[in-house]
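Chemist:
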Amino acid sequence: MSNAKIRLVGLNKLFHTRFQTIEAVRNVDMEFAAGDFVSIIGPSGCGKSTIIRMIDDLIKPTSGEIFIDGRRVSPHRRIPPEVIRKIGFIFQQPNMYPWMTVRENVMLPLRVFGLRDPEWARHADALIEMTGLREQRHAYPTELSGGSMQRAGVIRAMVHKPDILLMDEPFGALDEMTREQLNLELLDIWRATGKTIVFITHSVQEAVLLSNRVYVMGTNPGRVVDEIAVDLPRPRNLKLIVSDRFAGYCELLTGRIGQVELSQIK
Amino acid sequence: MTTTTARQTPPVKGKPLKRKTEPICYIAPIILFVAVVAAWALFVSASGISRTILPSPFAIFREMSKNFVRDILPHLLFTLRVILTGYAVAVPLGILIAAVCSQYRIIIKATTPLIILLVVTPMITMVPLFMLWMGFDSKVRVIVVILQATPIICLNTLTGFTTTEGAKLELMRAMGATRLQTFVKLIFPNALPQVFTGLKLGCIFSTIAAMSADLAAGKEGLGYRIQQYSSLIMTEMAYGTILIVALIGIVLFQIVVMIERRVILWVR
């Protein structure tokens, strides 16, 4: 219990619009062990994006508690700087600043965190090299393909060496082939760095391929309906996708999500 | 890790995105200008219109080249100094006011009507009052320019400062950036296109304001000259001076456009 990297206890979030109050998240308990790769899956509107935004203090929970490394960070007024430095956030869209070159974009967190040591710049260049963006490092983001831009988005979130990566459907906007490629690259990064990854997705296959554990969420209100451990061998590759066990997990997950949606119709 | 990217660009730092302009685009304004002058000359000679109403462009050119250095140049320099001094104050002032206002919604709401009021107030209507308070000093004219140019610069810049995309702001918040960091690294560069719109309008407004001040009072400046030539029925010189004023506006505008192209490299 205590060695969890991130722990969410009884998290609730209400959004007030002009006409109604939406219960985005109800009574969510989650736990992410250090070095774990956990996915959160569910239909749109189930509050999965809201949850990782609450972890990163982009959204304040209405009630409940968030612990990072055993330290309670919510409902503080603002997440302490030393905690926020442990987190890298990857958005659904690449979210590059168009007036900065690719390298300047990747180095942005170093500037904001005031990490001026040349060692950090070398680390940034190493990440750029690793993702094959070296030739394009002085280009503007709009000159890059969607896949390359999202690669830059991923290494930007890693440049300050955070322990935790929060990924909000990072490859959802990419085509199937680029997505698979980036999934494999992400697994390589995870194996090499041992970061704690919380991965939001609406793709069952992606969740099974990547994670150790999957939280299944339902809507109205957004809540956790199931938690499934994915016991497949590592390192994983695309061959795994055609195996029976992989198909079994996909079926199980699809079934759980389906049940959630059926129960809503009733 | 492998790369799947095929597109490659030469590693030139901050290389501007390709902006292909056909040669025709460069000569098009000249062609139009020549056509307008030709049509004008043709109209004057065909209609036999009086030179006191519309002189021919050649007559204007003849008179101007005869009198320019002695009668126009000192006034040109005077007015130019007024415009540039006022503009040089209005640019940082407008941006600064916008930066301060943009920090709090309540200030934006409170100040916007006031800024618009200043934008739409033709300063020519205020000049006699200023003269009454401060005399005929050239400083008064500079103040008129500042008052006319600052609000339009401020208004455009403020629009830029307050229309930052939500996801871009979220990235700054995800890094725990301070207000100052967010402004310097995100809000200001993101607003640069609108800032430059403000700067371009600002130099036009500055020119107009300097003319207003000249016309209202004083014995110096191009506006004063225009008025004098009109009353002396030196129509060619009056038109010629108006063209000089237009030229000032065009040149200042183009200078800002050139700077904009060197600063905003990322827009296709």
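If you read the protein sequences in the order shown, they are chains H and U.
If you read the first sequence in our numbering, its first letter stands for residue 22, the second for the next number, and so on.
If you read the second sequence in our numbering, its first letter stands for residue 31, the second for the next number, and so on.
Glycine residues also receive a C-beta, built at the ideal position from the N, C-alpha and C atoms.
#1: Taking just the CA atoms, how far does V46 (chain H) sit from I72 (chain H)?
#2: Take V30 (chain H) as the anchor and find which of H:T214, H:L205, H:V49, H:Q41 has the nearest alpha-carbon.
#3: Sort out for me which residues DSSP pairs N204 (chain H) with in a bridge.
#4: For a contact defined as C-beta to C-beta under 7 Å, what are the partners of R203 (chain U) on chain H?
#5: Buried or exposed: which applies to T187 (chain U), given that a residue is buried once 16 or more other Cβ atoms fall within 10 Å of its Cβ?
#6: Would you please state the rounded distance, in angstroms, between the beta carbons of S60 (chain H) and V235 (chain H)? I believe it to be under 8 Å.
#7: Taking L216 (chain U) as the query, report the chain H residues whose CB atoms sit under 9 Å from its CB, ordered along the chain.
#8: At 4 residues or longer, what runs of the alpha helix (DSSP H) sit wholly inside the segment 187 to 216 of chain U?
#9: Is the Cβ of M22 (chain H) closer than 8 Å to any Cβ of chain U?
#10: For N28 (chain H), which of H:P191, H:I185, H:F36, H:Q202 has the nearest alpha-carbon?
#11: Do the segment 267 to 277 of chain H and the segment 223 to 237 of chain H meet, that is, are 3 or more Cβ pairs less than 8 Å apart?
#12: Against V245 (chain H), what residues of chain U qualify as contacts under a CB-to-CB distance less than 7 Å, listed in chain order?
#13: Excluding five sequence neighbours on each side, which residues of the same chain lie with their C-beta closer than 6 Å to the C-beta of R158 (chain H)?
#14: Restricting to Cα atoms, I'd like to know which of U:F91, U:M264, U:G232, U:I272 is closest to L245 (chain U).
#15: Specify the secondary structure class of G270 (chain U) as computed by DSSP and reduced to three states.
#16: Run through DSSP, which three-state label would A68 (chain U) get?
#17: Return no unless some Cβ of chain U is closer than 8 Å to the Cβ of F220 (chain H).
#18: In chain H, which residues lie with their C-beta within 9 Å of the C-beta of Q211 (chain U)?
#19: Looking at the structure shown, is D247 (chain H) part of a helix, part of a strand, or coil, going by DSSP?
#20: My guess is that A55 (chain H) and T214 (chain H) are in contact by the Cβ rule of under 8 Å, so how many angstroms apart are they, rounded?
#21: With C-beta atoms as the reference, is A268 (chain U) less than 8 Å away from V175 (chain U)?
#22: For chain U, is any of its Cβ atoms less than 8 Å away from the one on Q171 (chain H)?
#23: Check whether chain H comes within 8 Å of G206 (chain U), counting only Cβ atoms and requiring the distance to be less than that.
#24: Does L259 (chain H) have its Cβ less than 8 Å from a Cβ in chain U?
#25: Report all residues from its chain with a CB closer than 8 Å to the CB of I137 (chain U); omit the five preceding and five following residues, and keep chain order.
#26: Can you name the residues that DSSP bridges to R100 (chain U)?
#27: Does the Cβ-Cβ distance between A221 (chain U) and V133 (chain H) come in under 8 Å?
#28: Can you tell me which residues form a DSSP beta bridge with G109 (chain H)?
#29: Whose CA, out of U:S86, U:A179, U:I57, U:C55, lies closest to the CA of V67 (chain U)?
#30: What does the alpha-carbon distance come out to for the pair E52 (chain U) and S166 (chain H)?
#31: Grab me the residues of Y259 (chain U)'s own chain with a C-beta within less than 8 Å of its C-beta, minus the 5 sequence neighbours each way, in chain order.
#32: Under 7 Å Cβ-Cβ, which residues of chain H neighbour E200 (chain U)?
#33: Looking at the structure shown, is I93 (chain H) part of a helix, part of a strand, or coil, going by DSSP?
#34: Using only alpha-carbon positions, find the residue among U:K215, U:I256, U:I173 that is nearest to I113 (chain U).
#35: In terms of residue numbering, what span does the beta strand (DSSP E) encompassing T217 (chain H) cover?
#36: Would you list, in chain order, the members of the segment 161 to 185 of chain H that have their beta-carbon closer than 9 Å to a beta-carbon of chain U?
Modeler: Considering the structure as presented:
#1: Numbered from its first residue, the first sequence carries residue 72 (chain H) at position 51. Numbered from its first residue, the first sequence carries residue 46 (chain H) at position 25. The C-alpha of I72 (chain H) lies about 8 Å from the C-alpha of V46 (chain H).
#2: As a position in the first sequence, residue 30 (chain H) is number 9, starting the count at 1. With distances taken between Cα atoms, V30 (chain H) lies closest to H:V49.
#3: Indexing the first sequence from 1 puts residue 204 (chain H) at position 183. For N204 (chain H), which the question treats as bridged, DSSP gives no partner whatsoever.
#4: Against the second sequence, residue 203 (chain U) aligns to sequence position 173. Those within 7 Å of R203 (chain U) in chain H are L79.
#5: Locating residue 187 (chain U) in the second sequence gives position 157, counting from the first residue. By the 16-neighbour rule on beta-carbons within 10 angstroms, T187 (chain U) is buried.
#6: Within the first sequence, numbered from 1, the residue matching residue 60 (chain H) stands at position 39. Within the first sequence, numbered from 1, the residue matching residue 235 (chain H) stands at position 214. The beta carbons of S60 (chain H) and V235 (chain H) sit about 5 Å from each other, so the pair counts as a contact at 8 Å.
#7: Counting from one through the second sequence, the residue named residue 216 (chain U) turns up at place 186. In chain order: Y118.
#8: Within the segment 187 to 216 of chain U, the complete alpha helix (DSSP H) segments of 4 residues or longer fall at 196 to 204, 209 to 212, listed in chain order.
#9: If you number the first sequence from 1, residue 22 (chain H) lands on position 1. In this prediction, M22 (chain H) has a pLDDT of 47, which is less than 50 and means its spatial position is unreliable; nothing more can be read from the coordinates.
#10: Taking the first sequence and counting its residues from 1, one reaches residue 28 (chain H) at position 7. Note that residue 28 (chain H) corresponds to Arg in the displayed sequence, not to Asn. Per the C-alpha coordinates, the member of H:P191, H:I185, H:F36, H:Q202 positioned closest to R28 (chain H) is H:I185.
#11: Yes, they touch.
#12: Along the first sequence, read from residue 1 onward, the residue named residue 245 (chain H) stands at position 224. By Cβ distance, chain U contributes nothing, its closest Cβ being about 24 Å from V245 (chain H), past 7 Å.
#13: Locating residue 158 (chain H) in the first sequence gives position 137, where the first residue counts as 1. Only V123, R124, I149 meet the Cβ criterion.
#14: As a working note, residue 245 (chain U) is residue 215 in the second sequence. Comparing Cα-Cα distances from L245 (chain U) to each of U:F91, U:M264, U:G232, U:I272, the minimum goes to U:I272.
#15: For this step, residue 270 (chain U) is matched to residue 240 along the second sequence. Per DSSP, reduced to three states, the secondary structure at G270 (chain U) is helical.
#16: Your numbering for residue 68 (chain U) matches position 38 in the second sequence. Residue state, collapsed to three classes: helix.
#17: Indexing the first sequence from 1 puts residue 220 (chain H) at position 199. Not a single CB atom of chain U sits nearer than 8 Å to the CB of F220 (chain H).
#18: Your numbering for residue 211 (chain U) matches position 181 in the second sequence. Ordered by position in chain H, the residues that pass the 9 Å Cβ test against Q211 (chain U) are R132, V133.
#19: Translated into the one-based positions of the first sequence, residue 247 (chain H) becomes position 226. Correct three-state label for D247 (chain H): strand.
#20: By 1-based counting over the first sequence, the position of residue 55 (chain H) is 34. By 1-based counting over the first sequence, the position of residue 214 (chain H) is 193. With 8 Å as the limit, A55 (chain H) and T214 (chain H) do not qualify as a contact, their Cβ atoms being about 12 Å apart.
#21: Counting from one through the second sequence, the residue named residue 268 (chain U) turns up at place 238. Counting from one through the second sequence, the residue named residue 175 (chain U) turns up at place 145. Between A268 (chain U) and V175 (chain U), the C-beta spacing is not below 8 Å.
#22: If you number the first sequence from 1, residue 171 (chain H) lands on position 150. No, no contact with chain U.
#23: By 1-based counting over the second sequence, the position of residue 206 (chain U) is 176. By this cut-off, G206 (chain U) is an interface position.
#24: For the purposes of this step, residue 259 (chain H) is taken as residue 238 along the first sequence, with counting starting at 1. False, the Cβ-Cβ gap to chain U never drops below 8 Å.
#25: As a first step, residue 137 (chain U) must be located in the second sequence, where it is residue number 107. The beta carbon of I137 (chain U) lies closer than 8 Å to those of V130, C131 in the same chain, with the five residues before and after it left out.
#26: Counting from 1 along the second sequence, the entry for residue 100 (chain U) is found at position 70. According to DSSP, R100 (chain U) bridges with nothing at all.
#27: Mapped onto the second sequence, residue 221 (chain U) falls at position 191. Mapped onto the first sequence, residue 133 (chain H) falls at position 112. Taking the C-beta atoms as reference points, V133 (chain H) is found no nearer than 8 Å to A221 (chain U).
#28: The residue you call residue 109 (chain H) lines up with position 88 of the first sequence. Looking at the DSSP output, G109 (chain H) shares a beta bridge with H:L186.
#29: Stepping through the second sequence from its first residue, residue 67 (chain U) is reached at position 37. Checked all of U:S86, U:A179, U:I57, U:C55; the closest Cα to V67 (chain U) is U:S86.
#30: Counting from one through the second sequence, the residue named residue 52 (chain U) turns up at place 22. Counting from one through the first sequence, the residue named residue 166 (chain H) turns up at place 145. Near 27 Å, if we compare the C-alpha coordinates of S166 (chain H) and E52 (chain U).
#31: For this step, residue 259 (chain U) is matched to residue 229 along the second sequence. If we look at Y259 (chain U) and ignore the five residues flanking it on each side, its Cβ neighbours are T265, M267, A268, T271.
#32: In the second sequence, the residue the question calls residue 200 (chain U) occupies position 170. Within chain H, the residues near E200 (chain U) are L79.
#33: For this step, residue 93 (chain H) is matched to residue 72 along the first sequence. A quick correction: the sequence has Arg, not Ile, at residue 93 (chain H). It is a strand residue.
#34: For the purposes of this step, residue 113 (chain U) is taken as the residue at position 83 of the second sequence. With respect to the C-alpha of I113 (chain U), the residue from U:K215, U:I256, U:I173 having the closest C-alpha is U:I173.
#35: Here residue 217 (chain H) is taken as the residue at index 196 of the first sequence, counted from 1. DSSP places T217 (chain H) in the uninterrupted beta strand (DSSP E) bounded by 217 to 222.
#36: Taking 9 Å as the Cβ-Cβ cut-off, the segment 161 to 185 of chain H approaches chain U at Y161, P162, T163, E164, L165, S166, G168, S169, R172, R177, A178, H181, given in chain order.
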